[in-house]
Amino acid sequence: MCDVGKRIKATIIGAGPGGLAAAMLLAAKGHEVTVLEKQTYLGGRTSALRLGEYIFDRGPTFLMMLPVLEELFELAGRRLQDYVELKRVDPLYTLKFGELEFSPGGSPHETARQIEELFPGNGERYLRFMHRERDKLARVLPLLKRPFTSVGGYLSADMLRALPRLDAADTVHKRLLRYFTDERLRWAFSFQSKYLGMSPWECPGTFTILSFMEHEYGLHHPIGGLNRISEAMADVAREHGADIRMGSGVRRIIVEHGRTCGVELDSGKRLEADDVVINADFGHAATHLFEPGTLKSYTPAKMKKKKLSLSTFMLYLGINAELPLPHHKILFAADYRSNVDDMTERMVLSEEPSLYIHNPSKLDPTLAPSGKSALYLLLPVPNNRSGINWKEQAQAMRTVMLERLAAECGLAGIAAVEALIEVEEMYTPDDWEQQSYVYEGATFNLAHSLDQMMYLRPRNKFQEVDHCYLVGGGTHPGSGLPTIIQSAIISAQLLEDSYREASRRRGLLGRWRRGAPNVFGAFHASGESSSSAAPNVFGASAKSHTSGKPTASTASGAFCTSGESSISAAPNVSGTSAAFHASGATQEGSPS
């Protein structure tokens, strides 16, 4: 039996945003939280890369769905704006198709006017798209704010309400055929599938909500870069008493009798824990952090059969000049469909790839010295299942990127660009796998195909091992910073719910032993209980998200070596805000 009043002892593997968000929430509730991060820097893929006087975001470069992050800080009893200065990015980005440039921004009606000028006949079609996607998002959000712990989740009221608008049987591109008559405009509203590491011609039609959310809610840039979000989350977690240990890699998760009871560090030291929260890249954790034979559904052999996302080839350049580039710009390949198929189907490098250029110095003077630019160039490329030899191909891809950059900036070839480069770092899929511990270099984690979503994705309360929880892009709701934060909210709540349920069972057992009537219904000593367990605190309808702002609770719980405890009722973690999606790469911390 547990001594009421003691705290849950939780160990979190990885200091990416998912792990830091879980640390914030659990520490704010008074629990004993230890975060273990192998790297010497915070944030995983949402971290800072410092080269001389220049600062770069390692992965994601913009913040989507700001209310999700604001809600997280509210749940931890803090205010986001007290930690991070945010600027709205307007226009959202510039999309270049040959000689035509499209820069959506401002209000939907302003964007509709621009669309009508550039793509005649499509302005009203855009407004119809926005209207329908607004309704879809309202139906889909409740599904992204709660766990899918059983097949029965597909028969829930919120699922049945969303079903007519999910569009899951279509692809993103097929859905857009219903709205836009110009193929370039379809690309403008489908390239966001790459946030999930997928092709618009394969990605489930549900995810047309990604471009809608960009246009509806806008994009934000934290001064100092997206890495400042990770730093702020760590600050809050520490304020609540969390212990974040850098340079502390985990060698393995200790599992005894089917449940986690701690971790073993690279140093050989063991740390005991009631619960383990995994924020490491899921594929890496499944194939490296468990003893052989521990997992059944996610063995190394079975992981090889899972569908994975794309990877990225990166150049970080400190440029001794201010270049005529917007904050975000995407140069589309002339044959975008072929470029995407090269990455996802043929698993080869395109002769003419699409290129993303990030020029944050235009908006943020803290990232480079005055008169200079911290440029970030990204090519989506196949993951390491492709067998591409990056030692042989890297320089050729660098040349392609710099030639296109030179042309875009009106410079006289690659030599003119190289003359301006003061610092440079290249990052290939091999580097993602070997230095950042990303399984097969798939930077957007498991693909978001229908057979790898919701209940069919690795679950927040990991189904393979007791007292083990997942956060990050590899679990529900999926890849991207807002959804990763939502995964932490879900998993932290599930962790607390499990202890509250254990306490309830012990109370029932005590009454039964004393001969008191069982007012809650049937109870079995085997551990099964009636369905009167803890309520669904995530909310099943849009209405439940408008009841007012959540408040963070600081109630302490109870802990003992058996892993069971009693804690006070948990807060409504659904909060008041929408909670979906994704900017850039997934952001797990580094495990081992």
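For the sequence shown, position 20 matches number 214 in the numbering used here, and the numbering has no gaps at all.
We put the beta carbon where it would ideally sit given N, CA and C, even for glycine.
When you compare only the Cα positions, how much space is there between residue i and residue j?
i: residue 566; j: residue 512; result: 7 angstroms
i: residue 242; j: residue 476; result: 22 angstroms
i: residue 226; j: residue 686; result: 13 angstroms
i: residue 376; j: residue 313; result: 7 angstroms
i: residue 803; j: residue 607; result: Only positions 195 to 786 of the chain appear in the structure, and residue 803 is not among them; the question remains open.
i: residue 317; j: residue 409; result: 14 angstroms
i: residue 717; j: residue 286; result: Note that residue 717 has pLDDT 33, beneath the 50 cutoff, so the model's placement of it is unreliable and the number below is only indicative. Looking at the two C-alpha atoms, the distance is approximately 56 angstroms.
i: residue 364; j: residue 333; result: 17 angstroms
i: residue 370; j: residue 402; result: 8 angstroms
i: residue 453; j: residue 485; result: 13 angstroms
i: residue 519; j: residue 525; result: 12 angstroms
i: residue 791; j: residue 298; result: What the structure shows of the chain is the stretch from 195 to 786, and residue 791 is not part of that stretch, so it cannot be assessed.
i: residue 433; j: residue 204; result: 17 angstroms
i: residue 632; j: residue 502; result: 11 angstroms
i: residue 498; j: residue 579; result: 9 angstroms
i: residue 352; j: residue 655; result: 21 angstroms
i: residue 558; j: residue 264; result: 21 angstroms
Would residue i pass as a contact of residue j if the rule is Cβ separation under 8 angstroms?
i: residue 229; j: residue 213; result: yes
i: residue 458; j: residue 439; result: no
i: residue 206; j: residue 473; result: yes
i: residue 281; j: residue 417; result: yes
i: residue 634; j: residue 553; result: no
i: residue 460; j: residue 202; result: no
i: residue 561; j: residue 595; result: no
i: residue 542; j: residue 488; result: no
i: residue 528; j: residue 547; result: no
i: residue 504; j: residue 551; result: no
Starting from the C-beta of residue i, find all residues in its chain whose C-beta is less than 7 angstroms away, skip the five residues before and the five after it, and write them out in chain order.
i: residue 581; result: none
i: residue 671; result: 338, 677, 680, 681, 774
i: residue 605; result: 611
i: residue 272; result: 430
i: residue 436; result: 217, 221, 227, 229
i: residue 356; result: 333, 334, 337
i: residue 330; result: 359, 403
Restricting to Cα atoms, I'd like to know which of the options is closest to residue i.
i: residue 324; options: 406, 350, 263; result: 406
i: residue 289; options: 681, 381, 416, 345; result: 381
i: residue 208; options: 359, 470, 294; result: 470
i: residue 583; options: 625, 276, 454, 328; result: 625
i: residue 532; options: 463, 276, 205, 544; result: 544
i: residue 491; options: 287, 292, 659, 692; result: 659
i: residue 337; options: 648, 561, 487; result: 648
i: residue 293; options: 621, 601, 693; result: 601
i: residue 328; options: 411, 576, 444; result: 411
i: residue 650; options: 341, 303, 559, 633; result: 341
i: residue 516; options: 556, 538, 221, 503; result: 556
i: residue 373; options: 306, 691, 271, 320; result: 320
i: residue 563; options: 244, 223, 588; result: 244
i: residue 534; options: 698, 693, 396, 259; result: 396
i: residue 431; options: 667, 224, 696, 694; result: 224
i: residue 493; options: 479, 502, 546; result: 479
May I ask whether a heavy atom of the ligand MN can be found less than 7 angstroms away from the beta carbon of residue i?
i: residue 541; result: As for the ligand MN, it is missing from this structure, which has no ligand bound.
Using a Cβ-Cβ cut-off of 6 angstroms (strictly less than) and excluding sequence neighbours within five positions of residue i, which residues of its own chain qualify?
i: residue 790; result: Lying before the first or after the last residue shown, residue 790 is absent from the chain, which here runs from 195 to 786.
i: residue 277; result: 426
i: residue 741; result: Since pLDDT at residue 741 reaches only 37, below the 50 mark, its modelled position is unreliable, and the value read off the structure follows with that caveat. Closer than 6 angstroms at Cβ, skipping near neighbours: no residue.
i: residue 722; result: Model confidence at residue 722 stands at a pLDDT of 36, short of 50, so the residue's coordinates are unreliable; what they give is reported in the following sentence. Hits under 6 angstroms: none found.
Only counting the same chain, and skipping five residues up and downstream in sequence, which positions put a Cβ closer than 8 angstroms to that of residue i?
i: residue 240; result: 210, 211, 251, 252, 253, 254, 420, 421, 423, 424, 675, 781
i: residue 256; result: 283, 413, 414, 415, 420, 522, 777, 778
i: residue 362; result: 398, 399, 400, 644
i: residue 588; result: 507, 620, 622
i: residue 464; result: 448, 456, 457, 458
i: residue 308; result: 296, 297, 298
For chain D, is any of its Cβ atoms less than 8 angstroms away from the one on residue i?
i: residue 236; result: The structure shown contains no chain D; it holds only a single protein chain.
Three or more C-beta pairs below 8 angstroms linking the stretch 569-580 and the stretch 501-515
Here the stretch 569-580 makes contact with the stretch 501-515; the two share three or more CB pairs at distances below 8 angstroms.
Looking at C-beta atoms only, is the number of pairs between the stretch 626-643 and the stretch 598-618 that lie closer than 8 angstroms three or more?
No, the stretch 626-643 is not in contact with the stretch 598-618.
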